[in-house]
Every structure is written in structure tokens, then in C-alpha cells.
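For the sequence shown, the residue numbers in UniProt numbering are 1 to 737. Where is the CB? At the ideal position from N, CA and C, for every residue including glycine.
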Amino acid sequence: MGTLESWRRAYGALKDSTKVGLAHVNSDYADLDVAVVKATNHVECPPKERHLRKILLGTSASRPRADVAYCIHALARRLAKTRNWTVALKTLIVIHRLLREGDPTHREEFVNFSQRGRILHLSNFKDDSSPIESVHVQQSNPTLHEVTTPDPLISTKSTSDFPTVQELETSPAPLYEDLDIPIALRKETRKCTTKPLYPLANYLSFRNFSPTHKAFLTSLNTTTTPTSLSEALSDKKWKQAMDVEMEALEKNSTWDLVALPNGKKPVGCKWVYTIKYKADGSIERYKARLVAKGFTQTYGVDYMETFAPVAKMNTVRVILSLAANYGWNLQQFDVKNAFLHGEIEEEIYMELPPGYGEKTAANTVCKLKKALYGLKQSPRAWFGRFTKVMISLGFKQSQGDHTLFIKHSKSRGVTVLLVYVDDIIVTGDDEEEQRLLGQHLAKEFEIKTLGKLKYFLGIEVAHSKKGIFISQQKYITDLLKETGKTACKPASTPIDPNLKLGNAEEDTAVDKEGYQRLVGRLIYLSHTRPDVAFAVSLVSQFMHQPKEVHLQAALRIVQYLKGTPGRGILFKRNRNVNLEAYTDADYAGSIVDRRSTTGYCTFLGGNLVTWKSKKQSVVARSSAEAEFRAMAQGICELLWLKIILEDLRIKSDEPMRLYCDNKSAISIAHNPVQHDRTKHIEVDRHFIKEKLDSGLICTPYVSSQDNLADILTKGLNSSIFEKIVSKLGMENTYSPA
């Protein structure tokens, strides 16, 4: 905590003829500059406004420049409001720079320090940097105007109206008593030495992993990819990766160079960069991919059919859970230039690849012969070709997910292949068939064997005796950096349990694209983080017109992730394949339209594999109706899981269990009740009753305290929240403790 002695030392600097080694400054401002430097060097806490007046106005030149005077004014006003020494320090540094450089180009920067419209009368101040006599800061668009209204903080009073140095030295009481934010600005430097109160290392550690997996995680967290063409061209390894891609495109006769026909518009293209890793964590290769700008294509002219399935993240988790339960080996493959194996029928012209078209004629374009990444029809062409190859090898597509290919051997077992565009996972208990599969695929496509599954679609996979652990710690770390939250104080829950988000029509609007980008990243993160599913579902309902309150709610999720960056799902070896689900509904929870929120989570063999938090599409007229609709959604998910297991020829002797905490909803499901209150949900009632009568499903009652789906329908306090998180099978393997 600062004391009066700190201020005495700051004032003592004014009597120091050495000027503490400062660079040359205009003599009119030398004393003020010394005072600023000494204040930041000695004073550890922000002064109150009256003390600011003493040290700055009492020691400055009688007629400071307008830009310097405005900074002094902004410093006084903001410090009086926020008492935030970090804000004060930034302002002092700007003043210090203005005094030394006298550069009017900094005007916009110090104008931006004012967040609300304030008027500063500068009739008694000279202005060395511009001919204006006064400054007026507008709230919406800071500009400079001439005004004559006096300002209450910086007035025309002489410095004699403020306490003198002698009065300060004889003051018996400390100038400030209740602030303890340590900070210092060292001599002859402008660097702030504040120590973060909440460093990321307090919440993230690799100590629980094997040496090889530590190496993999370290490599994953330290490598970066270029964000522009110029950045890539300046690095030899990325330039080489681009050359390799161009050679592959030419080898596959992807295009012909022709003159652009009249009336045709070429599709643009760009480079995308990624890094592929080996199983031991080392870099397998730097990958540059030429991608067409398919969003410029026209339907009916450049393409027709486009649909192509990709693996559901639910299916990925189901396969990982089965692999953990049965001890299956998980292998990963990558198809090099996968889309080049698909043929296109339409006539498409593309611009020359950036960085490779300098030596060609001005009107030269690429007439495409093969499908290229980014084209609307490319995924469909590639998946059609891949499906034909898999069927020819004796594999069958699952009815629950067409990207899941299964082959049963009479004597050896089952082989499972899951494909997401060009990333492939192979598992099962038939190792010989897996070896043969790799050989056959290598004959048809150029295949890269990446070894044991460790990193898939941004999800990190760790293997141990306890089971298989998935998380997205690198994804979260990158998100913290992008949002500037690496040093923020963590939140205990992803959402305030008392918060009710509405449209907030009167609130300040925020950047729509930035908000959508942030929420989009959070949505993808929720594939491994059911603990944030409800909060993400809530903030995603305001993408069309986000306000400040919505942005703060989204950033609250990021703050929660700061404290749990390594939390993920552990798939244990429980040696059973029983299916269970928990359902819940928050009746009329939305203050916008009073629709209810459905939440459910399903377990396969005791492992959490799927979950959802979603606002219902219609308004429920009772809590029983809302719960009943949630039950119908949970049953649909269980039936989908049953289809996947049947395709794998995995059976359970027990009926599927659907836990619900609403006795009225359970009663409606079991009894053929017909009255006005339930007629409009008759379809759901018949659907549930049919499954109950067939013996596929039973609906035991569970108390609200033990309903795990509660976390998916509403905000909870930290104690209940953490209790449910642990029961969901989530662990923080990256925890330093």
C-alpha cells in the first residue's frame, strides 16, 4: 500500500537537477515529465482526484499544450471513477510520450481515452500541436470541435487554488488507504511489470500424461500456422508445402490452362495451411491446401447436387466409448488430396493459384477437370467415390450414420471405419482385416498412416489404463488468446444462475460478426464440454441482434473455460453396453417467448456419449407437457443409439432406461389419458406409449437432485453444478493439482 512518503519522493524529484537520466524534453514541460515518471516509479496505488490535481496541476507548466492538458483531464476523470491504476498508468504513459515526442498523430489515441461526451475548456492553455483552442469529445464518433463551455474538472483557476508542496508535506494523514494493486514503472523504461493474478499455468498442466503424449501436447501448443499468403511465402517450409501441393495438383491433371471464354466468370481460390502430427507428437508434415472459393458459384450453372454426409460427433463419441469398453485399437489415416479423386461434370473456371500465376497471360484461368476443395459439388463427388470403394471391399454403411462403414468376419470379429471428409478412424477387434483394409485403401488413394489416434478434428485423444480421455485444451487456449482472456479471473460456472437473457432492446449493440464468430467457436467446443452446453445454447439464440449483455454472457463462458481448460470426458472400460438417458425441461424459461428448454444426456455402458440443450419449438402449456416433449426427444436419441449398436451386432439384455423427474409426465406416458390438456401432444404420447408397450424402454423416476440433465436446462450454483459435472464422467486431467 502506498503512503505519504511515496508522494514526498515523487515531489522530491522536482528538486533533482539530474532529471533521473531522462531524454531531452522541451524545457517548458521538463518538470511535468519528471513528475509523471517519478509518480509511476514510486506510487503503487492510484491517487484520488484531489491528489492528482496536486501532483500534476501543481507541478506542470502554467500553459501546457492542449493534447497534454486533455490527457491530464482524462486521467483525473477516469481515475476518480474507476480507481483503476492500470487505466491511470496507460494515460500517464501517453502523457509521457506526448511530452517527449510532441507528435500530433497521437491525438486520436488520447481522444479515445474518453468514453463519454465531456467538454474541456482550454482557453488558458496554449496548443503547440494544432491551431484549435479547445477539445470536444463525442460519444459515438470522437472528433475535435471548438467550444466555449468551461469544464468543471479543468477550470481557469490558478494553481494557487490547489494545495502547495508545503501543505502536502505537512499533511498528517495518508493520501490513500484502501488500494493494494502493486505496479511500478522502472527508470528509463515504459514496460509495465504487473504480475498476472490468474496465470494460465495455475489451471493447466501436462504432468498426468506420458512422456510421448507430453511431447505431442507441447508440439501442439507451440506450433502456429500462417494467416496470410505473404507470411507463408516468407517461410521456407510453408513455401515448400505449397510447391508439394501444386505438384500433386499437376500430377492428377486437376486443370487445363485456358483463356477465359466470354461470358464466363472464374471462381476465386486461396491457400489454407495446417500441420499434421505423428503419433509421437512430432510434426509429420506442413500441409498447404489450395481451396476454391465455392461461395462465388451459382446454383444451376456451376453446380447442382451438393449433399454429402460427414461423421456426426455423436458417432465419434460412440465409437470411442465402444473402443474403451472392448479394448479396441484406434488407428488414424489421412487421404492426401482426397477431393481430387472425385470427377466433376460441370464446366468450371478458376483463377490462377495465388503466388503461381505471375508468368502467365493476363486472361489465363484454370479449367477444372477434377473436384477441388471448396467447390460446392466436391464433397459429394469424393464421398461417392469413397463409398464405392468401401462397398467393393465388403463393408456396409450403417443406417444410423452413412459415414460409418462396418464389416463383420465370421471367425475374426468386426472392423469399423469412420470417415470425416478425408480424416479416417479405423478400429475393431479384427486386426488382420484392419491391415488388409490399409493396403486396399493405399491402392485406391494416397494414404498417410498417422498411427494411434491422438488428434481428430481439433479434439485431443489420450489413452490410459483408465480408458480414453478426450478434450479440447488447445482449442480453449487459442480461444482465450483470441478473446484476450488469458489473464482473466476464472468464473465458477459458465452462466450466472440468476441471469435471464432477453432481447435487451435498450442495450448497446455489439459487433455482430465478432459475436457470431465467438458463439460459433463455443458451439464447436460444446462437442466435448456438456458443462457449457446450456450456456452456449442460450447465447446462440441472440445471433441476429446481439447486445452488450449477450456478449458479456458469452465472455462469461470463456472466463469459466479459463479455470477448466483441460476438462473433458473420460470413457471408462465398464464392460457393459446398457443404454440410459436422463431428460429434463425448464418450463417457460425463455423470457422472450416463454418457450421451455429441453435437455437430455445419454450413456452407453456408463459413458456419456450424447447430450443436447435446446429451446422447444412450441410453447408448452404446463410443466408436464414440457417434460413430456423432453422425454420424446430422449427416446429418439436412445433409438438412434440402438440402431448403431444393432449395425455393430452389439446387443443388451436390459431395456433402455429413460430417467425423468416429473411424475405427471411419467403418468401420461403410461396411461391412455385423453382430455383437453394433452390432446395437442397426442403424437408424442402415442410414440412414447408404443415404445413402452414394446418393452424397449422403461421410465423410472429420478429426483430432481439426481437428474443429470438438470445442467442442460438452467443455470446452477457452483456446488450443484460441480456435483453433476463429476457424475457426467467429466475429469480435468490437465489440472496442476
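Hey, Ala442 and Trp382: beta-carbon distance below 9 angstroms or not? Residue 442 sits at position 442 when you count from the first residue of the sequence shown. Residue 382 sits at position 382 when you count from the first residue of the sequence shown. Contact: no.
Using a Cβ distance threshold of 8 angstroms, determine whether the segment 509-519 contacts the segment 464-476, with at least three qualifying pairs required. The count of Cβ pairs closer than 8 angstroms, one atom from the segment 509-519 and one from the segment 464-476, stays below three, leaving the stretches out of contact.
From Asp647, Phe209, Leu479 and Ile724, residue whose alpha carbon lies closest to that of Lys465: Taking the sequence shown and counting its residues from 1, the one referred to as residue 465 is at position 465. For the residues Asp647, Phe209, Leu479 and Ile724, the minimum Cα distance to Lys465 belongs to Phe209.
Could you check the C-alpha separation between Val272 and Asp334 for me, to the nearest Å? Reading the sequence shown from its first residue, position 272 is the one you call residue 272. Reading the sequence shown from its first residue, position 334 is the one you call residue 334. Approximately 17 angstroms, taken between the alpha carbons.
Which residues in the same chain as Arg385 place their Cβ atom closer than 7 angstroms to its Cβ, once the five residues preceding and following it in sequence are excluded? Start at 1 with the first residue of the sequence shown, and residue 385 comes out as number 385. Excluding positions up to five away in sequence, the list reads His341 and Gly342.
Reference Gly357, options His213, Cys269 and His686, closest by Cα: Mapped onto the sequence shown, residue 357 falls at position 357. Comparing Cα-Cα distances from Gly357 to each of His213, Cys269 and His686, the minimum goes to Cys269.
To the nearest angstrom, how far is it from the Cα of Arg412 to the Cα of Asn607? Reading the sequence shown from its first residue, position 412 is the one you call residue 412. Reading the sequence shown from its first residue, position 607 is the one you call residue 607. C-alpha separation (whole angstroms): 26 angstroms.
Reduced DSSP secondary structure (H/G/I, E/B, other) of His408: Here residue 408 refers to the residue found at position 408 when the sequence shown is read from its first residue. Note: His408 maps to strand in three-state DSSP.
In this structure, does DSSP put Gln115 in helix, strand or coil? Taking the sequence shown and counting its residues from 1, the one referred to as residue 115 is at position 115. Residue placement at Gln115 cannot be trusted, given a pLDDT of 35 that sits under 50; what the coordinates show is reported in the next sentence. Looking at Gln115 - three-state DSSP - the assignment turns out to be coil, as it is neither helix nor strand.
Does the segment 283-294 come close enough to the segment 239-254 to have 3 or more Cβ pairs within less than 8 angstroms? They touch, by the three-pair rule.
Chain-order list of residues whose beta-carbon lies under 8 angstroms from that of Gln439 (same chain, five-residue window excluded): Looking up residue 439 in the sequence shown gives position 439. Closer than 8 angstroms at the Cβ level, and outside the excluded window around Gln439, lies no residue.
Inter-residue spacing [alpha-carbon to alpha-carbon] between Thr486 and Tyr475: Residue 486 sits at position 486 when you count from the first residue of the sequence shown. Residue 475 sits at position 475 when you count from the first residue of the sequence shown. So the two alpha carbons sit approximately 13 angstroms from each other.
Using CA atoms only, rank isn't needed, just tell me which of Cys488, Val618 and Ala581 is closest to Asp593. For this step, residue 593 is matched to residue 593 along the sequence shown. Closest by C-alpha distance to Asp593, out of Cys488, Val618 and Ala581, is Val618.
Is His213 buried or exposed, if buried means 16 or more other CB atoms sit within 10 Å of its CB? For the purposes of this step, residue 213 is taken as the residue at position 213 of the sequence shown. By the 10 Å Cβ count, His213 comes out buried.
Taking all protein chains shown into account, do 16 or more other C-beta atoms lie within 10 angstroms of the C-beta of Ile643, making it buried, or fewer, making it exposed? Here residue 643 refers to the residue found at position 643 when the sequence shown is read from its first residue. In summary, Ile643 is exposed, with fewer than 16 beta-carbon neighbours lying within 10 Å of its beta-carbon over all protein chains present.
Please specify which runs of the alpha helix (DSSP H), each continuous and at least 4 residues long, are wholly inside the segment 369-410, giving them in chain order. Uninterrupted alpha helix (DSSP H) stretches at least 4 residues long and entirely within the segment 369-410 occur at 378-392, given in chain order.
With Met304 as the anchor, note down where its beta strand (DSSP E) starts and where it stops. Position 304 of the sequence shown, counted from the first residue, corresponds to residue 304. Note, Met304: premise wrong, no beta strand (DSSP E); not H, not E.
Where Ala311 falls: helix, strand or coil (DSSP): Here the question's residue 311 lines up with position 311 in the sequence shown. Residue state, collapsed to three classes: coil.
Just confirm the distance between the C-beta atoms of Gln332 and Phe456, as a whole number of angstroms; I'd bet it's less than 8 angstroms. Walking along the sequence shown from the start, residue 332 turns up at place 332. Walking along the sequence shown from the start, residue 456 turns up at place 456. Correct: roughly 7 angstroms between the Cβ atoms.
Could you tell me whether the Cβ atoms of Ala554 and Val577 are closer together than 9 angstroms? As a first step, residue 554 must be located in the sequence shown, where it is residue number 554. As a first step, residue 577 must be located in the sequence shown, where it is residue number 577. No, they are not a contact pair.
With a threshold of 16 other CB atoms inside 10 Å of the CB of His544, please say whether the residue is buried or exposed. Counted from its first residue, the sequence shown places residue 544 at position 544. Counting Cβ neighbours within 10 Å, His544 comes out exposed, since fewer than 16 surround it.
Residues sharing a beta bridge with Lys265, DSSP: Counted from its first residue, the sequence shown places residue 265 at position 265. Note: Lys265 is not bridge-paired with any residue in the DSSP secondary-structure output.
Just to confirm, is the Cβ distance from Val310 to Tyr420 under 9 angstroms? By 1-based counting over the sequence shown, the position of residue 310 is 310. By 1-based counting over the sequence shown, the position of residue 420 is 420. With contacts defined as CB atoms closer than 9 angstroms, Val310 and Tyr420 qualify as a contacting pair.
Taking the alpha helix (DSSP H) that Val510 belongs to, which residues open and close that run? The residue you call residue 510 lines up with position 510 of the sequence shown. Val510 -> no alpha helix (DSSP H), and no H or E assigned at all.
Per DSSP, what kind of secondary structure is Asn503 in: helix, strand or coil? In the sequence shown, counting from the first residue as 1, residue 503 sits at position 503. Coil.
Inspect the CB distances between the segment 362-370 and the segment 246-257 and report whether three or more fall short of 8 angstroms. Yes, since at least three Cβ pairs between the segment 362-370 and the segment 246-257 fall closer than 8 angstroms, the two stretches touch.
Count the other CB atoms, across all protein chains shown, that sit within 10 Å of the CB of Cys698; report buried if there are 16 or more and exposed otherwise. One-based indexing of the sequence shown puts residue 698 at position 698. Answer is exposed; the Cβ neighbour count stays below 16.
Can the beta-carbon of Phe721 be found closer than 9 angstroms to that of Ser492? As a working mapping, residue 721 is identified with position 721 in the sequence shown. As a working mapping, residue 492 is identified with position 492 in the sequence shown. Contact: yes.
According to the neighbour-count rule (16 or more other Cβ atoms, all chains shown, within 10 Å of its Cβ), is His121 buried or exposed? The count along the sequence shown starts at 1 and reaches residue 121 at position 121. In this prediction, His121 scores a pLDDT of 35, lower than 50, which makes its location untrustworthy; the coordinate-derived value is nonetheless stated afterwards. Under this definition His121 is a buried residue.
By the three-class DSSP mapping on this structure, what secondary structure does Lys465 have? Stepping through the sequence shown from its first residue, residue 465 is reached at position 465. Secondary structure of Lys465 (DSSP, three-state): coil.
With DSSP as the reference, label Ala588 as helix, strand or coil. On the sequence shown, position 588 is the one that residue 588 refers to. Collapsing the DSSP output to three states places Ala588 in coil.
Please find out if some non-hydrogen atom of the ligand GTP comes closer than 8 angstroms to the beta-carbon of Lys270. Within the structure as shown, the ligand GTP is missing, as the structure has no ligands at all.
Return helix, strand or coil for Ala581, following the three-state DSSP convention. Here residue 581 corresponds to residue number 581 of the sequence shown, with the count starting at 1. Reduced to three states, the DSSP call for Ala581 is strand.
Under DSSP, the beta strand (DSSP E) around residue 748 begins and ends at which residues? Any property of residue 748 remains undetermined from this structure, which presents the chain solely from 1 to 737.
Check Asn576 in the structure and name its three-state DSSP category. To locate residue 576, count along the sequence shown from 1; it is residue 576. Looking at Asn576 - three-state DSSP - the assignment turns out to be coil, as it is neither helix nor strand.
Looking only at its own chain, which residues have a Cβ that is under 6 angstroms from the Cβ of Thr427, when we skip the five neighbours before and after it? In the sequence shown, the residue the question calls residue 427 occupies position 427. Here the set comprises Ala323, Trp328, Leu330 and Val416.
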